[in-house]
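Here is the structure we will look at.
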Amino acid sequence: AAGNFDGIDITSPTDAGVEITGAVVASANDIAVDGGNYGMLVSASGSGQMDMTNIDFDGQNNAGVYYVKNFGGELSGTITNSAGPAYQYGPLTSKDITLDGLTVSGNDAGIETAGSGDITISDSTFANTANDIKITGSSEVSFIEGTIDTSTVVVTGEGGFERMRELTMTLEADTNPVVGANVVLMN
91 AAGNFDGIDI
101 TSPTDAGVEI
111 TGAVVASAND
121 IAVDGGNYGM
131 LVSASGSGQM
141 DMTNIDFDGQ
151 NNAGVYYVKN
161 FGGELSGTIT
171 NSAGPAYQYG
181 PLTSKDITLD
191 GLTVSGNDAG
201 IETAGSGDIT
211 ISDSTFANTA
221 NDIKITGSSE
231 VSFIEGTIDT
241 STVVVTGEGG
251 FERMRELTMT
261 LEADTNPVVG
271 ANVVLMN
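So the sequence shown is numbered by the working numbering: it starts at 91 and just counts up by one.
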């Protein structure tokens, strides 16, 4: 299926506000889902990609977004007050993912992954009730800059978590660039 969707409010869906069950190439903007089990569910039969911008998912019972398996597309907006994770990646997910500029708060967990794809999160703010990150599979999660409480990161699988900082520096001597100099950063 293909299509473009804009400005849709979904209240108390039976299961999912948006459910991907077949081959999809679509885009959606300004989609609000209040309640239901999932804001967006990518089922085992779902494939393709869907860009979803400016989402507003609030109060889901199971997860804001649940990827049963790999699925493509950009995703931006807010997910709040989920009784489960804001973003959940099932055991069939193996694709590496990059997320940037997320604000994830008030959910039971920010991201929960049972898959094997690595996840890189940049310049994001996490403030959830139980776990900011929960890793039950073999995914390696890197959190670069932003705000996260590392004491709420739980790893019970083979994966791991790494908190990272970004540094850009130019070394000069008498206004001339110094090439090949060693720089040592110490904690």
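Note that CB positions come from ideal geometry on N, CA and C, so glycine has one too. Just so it is clear, the structure is predicted and the values come from calculations on it, not from any experiment.
- With contacts defined by Cβ atoms closer than 8 Å, glycine 107 and glycine 138 do not form a contacting pair.
- If you draw a straight line from the Cα of alanine 134 to the Cα of serine 206, it comes to about 16 Å.
- The distance from the Cβ of aspartate 208 to that of glycine 191 is about 19 Å, inconsistent with a contact at the 8 Å cut-off.
- In this structure, valine 115 sits away from phenylalanine 161, with a CB-CB distance that is not shorter than 8 Å.
- Beta-bridge analysis with DSSP links asparagine 266 to Ala263.
- Residue range 113-124 is occupied by the beta strand (DSSP E) that includes alanine 113.
- Annotation: the continuous beta strand (DSSP E) that includes lysine 224 extends over 221-225.
- Residues of the same chain with a CB within less than 7 Å of the CB of asparagine 119, apart from the 5 flanking positions on each side, are Asp96, Thr143 and Asn144 in chain order.
- Valine 194 and asparagine 171 have their C-alpha atoms roughly 9 Å apart.
- In the DSSP assignment, methionine 254 forms a beta bridge with Ile234.
- DSSP places glutamate 248 outside any beta strand (DSSP E), giving it a letter other than H or E.
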